[in-house]
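First the structure, in the form of structure tokens, and then the observations on it.
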Amino acid sequence: MEIYNTLTRRKENFQPREPGKVWMYVCGPTTYNYIHLGNARPLVFFDTVRRYFASRGYDVLYVQNFTDVDDKIINRAAEQGVDPFSLAGKYIGEYYRDADALNVRRADIHPKVSEHIPEIIEFVKNLVDNGSAYVVDGDVYFEVRQFPGYGKLSGRSLEDMQAGARVEIDVRKRDPMDFALWKSAKPGEPSWDSPWGPGRPGWHIECSAMSLKYLEANFDIHGGGFDLVFPHHENELAQSEAATGQPFVRYWVHNGFITVNEEKMSKSLGNFFLVREILAKFPPETVRFFLLSTHYRSPLDFDSEKLDAAGRGLERIKTSIRLLSEALEKKNGETEAAAATELNAALDALNASFEAAMEDDFNTALAIGVMFDLAREVNTSVQRLSGGIARVDREVLQKAMSLFSSFNEVLGIFRTDENSGRILLEGPGGNGAGLAEELINLIIDIRQQARARKDWAVADQIRDGLKNLGIVLEDTPQGVRWKKQG
RNA sequence: GGCGACAUAGCCAAGUGGUAAGGCAGAGGACUGCAAAUCCUCCACUCCCCGGUUCAAAUCCGGGUGUCGCCUCCA
């Protein structure tokens, strides 16, 4: 297993702290708004990382925080005249709706800042006591000059940063780069009592306090977007190592940005698309597929045409899975003619390729390519089957279906049935079809009668009419197949 | 100004020394009442440009050009 480590700027062989276990922490959202697509990328990617480790038999402990105490929340709440905690609570709920839609599994622990104030105060106190931090007028600052490794994660020295000189000078700070661990309360803001007076935590300290609480020093993976490398993660690293005297994190993993017209999608540029806006227009599996179709460290440019193209590609995979389930429903054949022997030979190789792709720094783009190869192999075999299927074929086809399932278990593109683990697709047999499905079947029957008397005008009228409603018909020698348009 | 990343076909995209995966779009063929789906075939003598190293480079080195990002809240 090779993972690109931001700290060393190269791929490294993954050696977990403890054999068979992975301890990982990912920076979650500040909950003052609905999440946008840019927020969704790390969610989906790290969910995939976690799924992959789990599929390899690792025992994964996954922690993702909510920042529910923050300037932006306080400001937004003030604008709306509501309580900041209820505002944050609302958007945490909305976060889960979006994440669930994208088939992102819940983290094992979702800690909130507001529920870890004592730990944070303790952490800050520790840093003050050991000389890493100092107190000014009820504020507490981390003193970067006291930490020799400051800048090692983002690859810049304090001198470089001074040269940049885009930091506003606060004369109370000993160094312009010193950052707040604890901020004294302003009137009307939520605050907690502390040894330095009433106040609230700075931004970076929460992640150190919470990750170390649940995962302890030298945990395996710390993730987030590239824009968090500096200052957020640099500061986390400094204060954590200053506090514990031990390495903080083994592998730092950062995902690239979603861009719009090649520009970073961000709240400040105003060019962001909310996840729920996109989900109103595209199926969630298409969105997830799109997010995973590019390597996580590369930028991913978003627009509707690209999402459309992704959807058409995904349709190919879906069709293959449908054809496969259809074939498996056939009765046993008389003969033992093995149509699927070539497929059998290919399956093991495909499985190995998929795994190799994921082992190489989570190359989901390559892994998806393998899934397309599987689709082709399956389609070729299934096409050869007619009438009943031989027992040997059935075994191979079942194996192919398990392979789709195991790929999907990692990529999380399609929903699966909780009990059987089977992949669920829209269309016949899908959930919640009910009356609509029966009506469609009725119309198809009528069309079949028209076809039987070669009344092509009526047959085509029905087919075109259904297509306009998003129902696509396919005539096959075995009967009519229909599906909802993806 | 400091630091860093990237540049592969019409589009998306994988590929860190051995002679360009995969998908979308497009062309031809098989199948079909016609379609759709599926299968087969074709679609980058070449990987931004210029030098260099090497038997061999999209892949390594040097120099350009271009795009993007971080240095300020941001995933």
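My numbering puts the first sequence at residues 3 to 488.
Cβ atoms here follow ideal geometry from the backbone N, Cα and C, with glycine treated the same way.
- At the C-beta level, residue 110 and residue 63 come within 8 Å of one another.
- When C-alpha distances from residue 50 are compared across 471, 409 and 459, the shortest belongs to 409.
- With the rule of 3 Cβ pairs closer than 8 Å, the stretch 72-85 does not count as touching the stretch 246-261.
- For residue 120, no beta strand (DSSP E) encloses it; the enclosing alpha helix (DSSP H) starts and ends at 119-131.
- The C-beta distance from residue 380 to residue 326 rounds to 5 Å, short enough to fall under 8 Å.
- Beyond the five residues adjoining it in sequence on each side, residue 197 comes within less than 7 Å, by CB distance, of 127 in the same chain, given in chain order.
- Contact check for residue 234 and residue 205: beta-carbon distance about 7 Å, within the 8 Å limit, so the pair qualifies.
- Taking C-beta atoms as the reference points, residue 172 and residue 146 fail to come closer than 8 Å.
- In this structure, the straight-line span from the alpha carbon of residue 35 to that of residue 16 is close to 36 Å.
- In the displayed model, residue 115 falls within a helix according to three-state DSSP.
- Taking a contact to require three or more Cβ pairs closer than 8 Å, the stretch 307-322 and the stretch 267-279 do not qualify as touching.
- Between the alpha carbons of residue 151 and residue 384 lies a gap of roughly 59 Å.
- A direct Cα-Cα distance of roughly 11 Å separates residue 361 from residue 14.
- Restricting attention to 44, 12, 61 and 11, the CA atom closest to the CA of residue 19 is found in 61.
- For residue 40, the enclosing alpha helix (DSSP H) has its first and last residue at 39-57.
- About 5 Å separates the beta carbons of residue 412 and residue 53, which is inside the 8 Å limit, making them a contact pair.
- Here the stretch 78-89 makes no contact with the stretch 39-47; the two share fewer than three CB pairs at distances below 8 Å.
- For residue 98, the closest C-alpha among the options 43, 116 and 37 is that of 37.
- Within the stretch 208-262, the complete beta strand (DSSP E) segments of 3 residues or longer fall at 221-227, 251-257 and 260-262, listed in chain order.
- Boundaries of the alpha helix (DSSP H) harbouring residue 97: 86-103, taken from the DSSP string.
- In the structure shown, residue 418 adopts extended strand secondary structure according to DSSP, grouped into three states.
- Ranked by Cα distance from residue 407, the first of 390, 349, 23 and 65 is 349.
- One Cα belongs to residue 154, the other to residue 423, and the distance between them is close to 44 Å.
- Within a 10 Å sphere around the beta-carbon of residue 343 sit fewer than 16 other beta-carbons, which makes this residue exposed.
- Counting only the Cα atoms, residue 365 lies some 38 Å from residue 482.
- Counted as a single uninterrupted DSSP element, the alpha helix (DSSP H) harbouring residue 438 occupies residues 436-454.
- A distance below 8 Å between beta-carbons, with the five flanking residues on each side excluded, links residue 121 to the following residues of its chain, in chain order: 211, 212 and 215.
- Boundaries of the alpha helix (DSSP H) around residue 324: 306-330.
- Taking a C-beta distance under 8 Å as the contact criterion, residue 32 and residue 69 qualify as a contact pair.
- In the structure shown, residue 67 adopts coil according to DSSP, grouped into three states.
- The straight-line gap separating the alpha-carbon atoms of residue 22 and residue 246 is approximately 25 Å.
- Nearest neighbour of residue 119 by Cα position, chosen from 382, 437 and 209, turns out to be 209.
- Selection 195, 335, 191 and 400 evaluated against residue 124 yields 195 as nearest (Cα-Cα).
- Per DSSP, reduced to three states, the secondary structure at residue 198 is coil, with no helix or strand assignment.
- A distance below 7 Å between beta-carbons, with the five flanking residues on each side excluded, links residue 5 to the following residues of its chain, in chain order: 13, 14, 16, 253, 255 and 363.
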